[in-house]
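J.: Read in order, the letters of the sequence shown are residues 17 to 181 in the numbering used here. Ideal placement from N, C-alpha and C gives every residue a C-beta, glycine not left out. All of these numbers come straight from a predicted model, not from anything done at the bench.
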Amino acid sequence: MNLAVKYEMQDMLKKWFKNATPIRCQAGTPIAAFIQAVEETDGELVLRCDCDMLFFDNGWLKIAQELLEEGAFDLIEPPRFGVTKNKQEISISTRAFLLRPSDFKKNCLPMKAHRLDFLRWIHRYIHSRPTYLPLEQMFTLEKIKGNLGHCILNNQLGYSLHIPT
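#1: Rank H130, L151, P94 by C-alpha distance to the C-alpha of Q172 and give the top, closest one.
#2: If distances are taken between C-alpha atoms only, which option among G174, L177, M154, L169 comes closest to A36?
#3: If you pair each beta-carbon of the region 82-96 with each one of the region 107-124, do three or more pairs fall below 8 angstroms?
#4: Can you have a look at R131 and say buried or exposed, based on whether 16 or more other CB atoms are within 10 angstroms of its CB?
#5: By Cβ distance, which residues of its chain are closer than 6 angstroms to A53, with the 5 residues on each side in sequence left out?
#6: Report the partner residues of Y148 according to the DSSP bridge assignment.
#7: Per DSSP, what kind of secondary structure is E93 in: helix, strand or coil?
#8: Output yes or no for whether 9 angstroms exceeds the beta carbon distance between F50 and S176.
#9: In the DSSP assignment, the beta strand (DSSP E) including L63 goes from what residue to what residue?
#10: For R111, which three-state DSSP category applies?
#11: For L169, does the three-state DSSP call read helix, strand or coil?
#12: In three-state DSSP terms, what is P196?
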């Protein structure tokens, strides 16, 4: 990695996390790439999704946009295909989410870069592996602490589907 890019990425991560600059989580999933997708947009809204997602919009996108404009939530997920549980009990997924970068940064950042529990942290550290939780688990912990407003929209508005490989 070129030195200028490394420092630029560290500066970006310092805006997001008050106590660290996590590049990857303990499983190797990129954290910086998710954040960079939000940071580098010029758009008013960002729909961040994995490349293996399918969507059916029966109004969820319009509702999500309205909820973000009202400031009702910081992070909104499209309806998940087949999920009918209480929406407040479901953990956050980074497979697909919509946010308004300016509001998200103002309301939710910086947040804590959450790590593994102590014993797993030691094991990963000894083997020179990342010790951070995945970004979606960090978001979920921030939601539990009341620092992030999140919702998953109703299945009647459409769905999102992660294609199994």
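T.: By the coordinates alone:
#1: When only C-alpha atoms are compared, the closest one is P94.
#2: For the residues G174, L177, M154, L169, the minimum Cα distance to A36 belongs to M154.
#3: The region 82-96 makes contact with the region 107-124: 3 or more CB pairs, one atom from each, lie closer than 8 angstroms.
#4: Label assigned to R131: buried.
#5: Answer for A53: R64, listed in chain order.
#6: Y148 has R131 as its beta-bridge partners, per DSSP.
#7: Secondary structure of E93 (DSSP, three-state): strand.
#8: Against a cut-off of 9 angstroms, the Cβ pair of S176 and F50 comes out as no contact.
#9: Its beta strand (DSSP E) spans residues 62-65.
#10: Of the three classes helix, strand and coil, the one that applies to R111 here is coil, per DSSP.
#11: Residue state, collapsed to three classes: coil.
#12: Absent from the structure is residue 196, since the part of the chain shown begins at 17 and ends at 181.
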